[in-house]
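So the sequence shown is numbered by my numbering: it starts at 417 and just counts up by one. Ideal Cβ placement from N, Cα and C applies to all residues, glycine included. What follows is one structure encoded as structure tokens, with my remarks underneath.
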Amino acid sequence: MDLSTLQKEDYQTGQVLLIDKPLGWTSFQVVNKVRWLIRKEFNIKKIKVGHAGTLDPLASGLLILCTGKFTKQIERYQAQHKEYTGTITLGATTPSYDLETDIDQNFDIAAISREAILKATQQFEGDIMQQPPIFSALKKEGKRLYEYARAGETVEIPKRPVHISCFEITGIDLPDVHFRVACSKGTYIRSLAHDFGKALDNGGHLSALRRTKIGDFEVNNAVTIQGVIAHFTTQTNE
417 MDLSTLQKED YQTGQVLLID KPLGWTSFQV VNKVRWLIRK EFNIKKIKVG HAGTLDPLAS
477 GLLILCTGKF TKQIERYQAQ HKEYTGTITL GATTPSYDLE TDIDQNFDIA AISREAILKA
537 TQQFEGDIMQ QPPIFSALKK EGKRLYEYAR AGETVEIPKR PVHISCFEIT GIDLPDVHFR
597 VACSKGTYIR SLAHDFGKAL DNGGHLSALR RTKIGDFEVN NAVTIQGVIA HFTTQTNE
């Protein structure tokens, strides 16, 4: 993605920006940073910038940003299939299904075989019903699910249909299992990690995640947030 040719009118008319989100940043922090840089560079009081699909702070990878009039297309990009690579750590579970919370239960992984791991992926391919994690931004009765979780309240979370077109094991180094997943909108990879552990009569949680693709957009064509900052800083100093 080349930012050097873009001018104020381009951002206002509408642009699709591919950002390689780093670990530790929220999607909203990326949006706010890019919006501030554009406003400062072109002396614009107001410009619309939004993202097409949240990435958790503990995940890295492709984040699509839309500017100006292109923000009306965000739902179209959100609906596209996505691809991820990551790591499931077996032998332990966490309430959030990832590293956001501490381990709450440990399991013995001595009996888990490579064959069992490869076979377990099969039950998650195709159309499946998946339960979102309690630590998520989904709403129930006007409250975010993570608000219930942080308050220690239990709440019933209905399962919902998702489609996983590919669940490939790319490496096994127990307790870590490395994978690639291609899936529909609304799929929680954290839930997949948790359910994968259960399918092995064990426990599992997501310990690493990177989004590599959204529709035809690939992270290899994205710019880092540091690259965006450097671009606008250079522009300002010229």
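Query raised in the report: Could you give the distance in angstroms between the alpha-carbon of L439 and the alpha-carbon of G477?
Result: 9 Å
Query raised in the report: How close, in whole Å, do the beta carbons of I435 and L481 come, if the pair is a contact with beta carbons under 8 Å?
Result: 6 Å
Query raised in the report: Is K437 helix, strand or coil by DSSP?
Result: K437: strand per DSSP, three-state reduction.
Query raised in the report: Under the rule that 16 or more other beta-carbon atoms within 10 Å means buried, what is K614, buried or exposed?
Result: exposed
**Report entry** Nearest-angstrom Cα separation, counted from K535 out to S600
**Finding:** Rounded to whole angstroms, the separation of the alpha carbons of K535 and S600 is 22 Å.
Query raised in the report: Contact between the segment 589 to 608 and the segment 531 to 550: three or more CB pairs below 8 Å?
Result: Between the segment 589 to 608 and the segment 531 to 550, the count of Cβ pairs shorter than 8 Å is three or higher; the stretches touch.
Query raised in the report: P473 to D418, Cα distance in whole Å?
Result: 25 Å
Query raised in the report: The beta strand (DSSP E) spanning A598 covers which residue range?
Result: D592 to C599
**Report entry** Start and end residues, beta strand (DSSP E) containing D543
**Finding:** G542 to Q546
Report task. With DSSP as the reference, label S529 as helix, strand or coil. Result -> coil
Report task. For H579, I'd like the list of residues in its chain whose CB is within less than 6 Å of its CB, leaving aside the five on either flank, ordered along the chain. Result -> D543 and S600
**Report entry** Extent of the continuous beta strand (DSSP E) run through D426
**Finding:** First-last for D426: K424 to T429, but that is the alpha helix (DSSP H), not the beta strand (DSSP E).
Query raised in the report: For S623 versus L515, is the C-beta spacing smaller than 8 Å?
Result: yes
Query - 8 Å Cβ cutoff met for C582 and V593 - result: No. Outside cutoff.
Query raised in the report: Can you name, in chain order, every residue of its own chain whose Cβ lies under 6 Å from the Cβ of A527, other than the five neighbours on each side?
Result: none
**Report entry** Residue span of the alpha helix (DSSP H) that contains G613, given as start and end
**Finding:** I605 to A615
Query - Element boundaries [beta strand (DSSP E), containing Y500] - result: K498 to L506
Query raised in the report: Excluding the five sequence neighbours on either side, which residues of its own chain have a C-beta within less than 6 Å of the C-beta of N448, listed in chain order?
Result: Apart from the 5 residues on each side of it in sequence, N448 has no Cβ closer than 6 Å to any other Cβ in its chain.
Query raised in the report: Got a sec? Which residues, its chain only, sit under 8 Å from V446 by beta carbon, not counting five neighbours each side?
Result: Taking C-beta separations shorter than 8 Å and ignoring five residues to either side along the sequence, the partners of V446 in its chain run I435, K437, H467, L479, L481 and I641, following chain order.
Query raised in the report: What do you get for V644, buried or exposed, if any count of 16 or more other CB atoms within 10 angstroms of its CB means buried?
Result: buried
Report task. Please classify L481: does DSSP put it in a helix, a strand, or coil? Result -> Correct three-state label for L481: strand.
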